[in-house]
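Peer 1: Okay, handing you the structure first.
In our numbering, the protein residues as written are 3 to 144.
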């Protein structure tokens, strides 16, 4: 997985769901709407990062969770500490198997799919989140 610079001129959308001419890569109107919401939240978030205000993570999300509900949900999943170590152990077990030299599976595609699958297990019923990766995997997590 490559890390994109959020301040680069080329990444003007969250993960490229919407083309420069406004046409969407999705044919489903619901996915188009969700993609537009994600792009809007991503742009708000990157604008905030450019301001370089020093603020704690908790304070930031308390103030901005209503402005960025999709990103708030994602941040909550990624930044929270699990109450037990079981989930973390399962996660590292999966990652360990992927990078194991005995299986010789280090393909970026497989790694990203496995990590996305791990994230999707925690989805709440009725929630909807679509993630696009740097190598073009677009997966509906919830």
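Just so it is clear, CB atoms sit at the ideal spot from N, CA and C, and this is done for glycine as well. In this text the structure is predicted, and so the values were computed from the model without any measurement.
1) Tell me whether residue 44 is buried or exposed, calling it buried when 16 or more other Cβ atoms sit within 10 Å of its Cβ.
2) Residue 53 to residue 47, Cα distance in whole Å?
3) According to DSSP, is residue 39 part of a helix, a strand, or is it coil?
4) Roughly how many whole angstroms lie between the Cα atoms of residue 16 and residue 41?
5) For my contact list, residue 39 and residue 72 are in at a C-beta cut-off of 8 Å; report their separation, rounded to the angstrom.
6) CA-CA distance, residue 67 and residue 75?
7) Grouping DSSP H, G and I as helix and E and B as strand, with all else coil, what is residue 48?
8) May I have the straight-line CA-CA distance separating residue 64 from residue 50, to the nearest angstrom?
9) I'd like the span of the alpha helix (DSSP H) that includes residue 30, first residue to last.
10) Would you tell me roughly how many angstroms separate the C-alpha atoms of residue 11 and residue 80, rounded to the nearest one?
11) How many Å lie between residue 91 and residue 78 at the Cα?
Peer 2: Checking against the coordinates, here is how it stands:
1) Burial check for residue 44: the Cβ neighbour count within 10 Å reaches 16 or more, so the residue is buried.
2) For residue 53 and residue 47, the gap between their C-alpha atoms comes out near 10 Å.
3) In the structure shown, residue 39 adopts helical secondary structure according to DSSP, grouped into three states.
4) Note on residue 16: pLDDT 42, under 50, position unreliable in the model; the coordinate value appears next. Near 5 Å, if we compare the C-alpha coordinates of residue 41 and residue 16.
5) About 6 Å separates the Cβ atoms of residue 39 and residue 72, confirming a contact at the 8 Å cut-off.
6) If you draw a straight line from the Cα of residue 67 to the Cα of residue 75, it comes to about 8 Å.
7) Note: residue 48 maps to helix in three-state DSSP.
8) If you take the alpha carbons of residue 64 and residue 50, they lie about 14 Å apart.
9) From DSSP, residue 30 is part of no alpha helix (DSSP H); its letter is neither H nor E.
10) Here the model assigns residue 11 a pLDDT of 42, short of 50, so the residue's position is not dependable and the matter cannot be decided.
11) The alpha-carbon separation between residue 91 and residue 78 amounts to approximately 19 Å.
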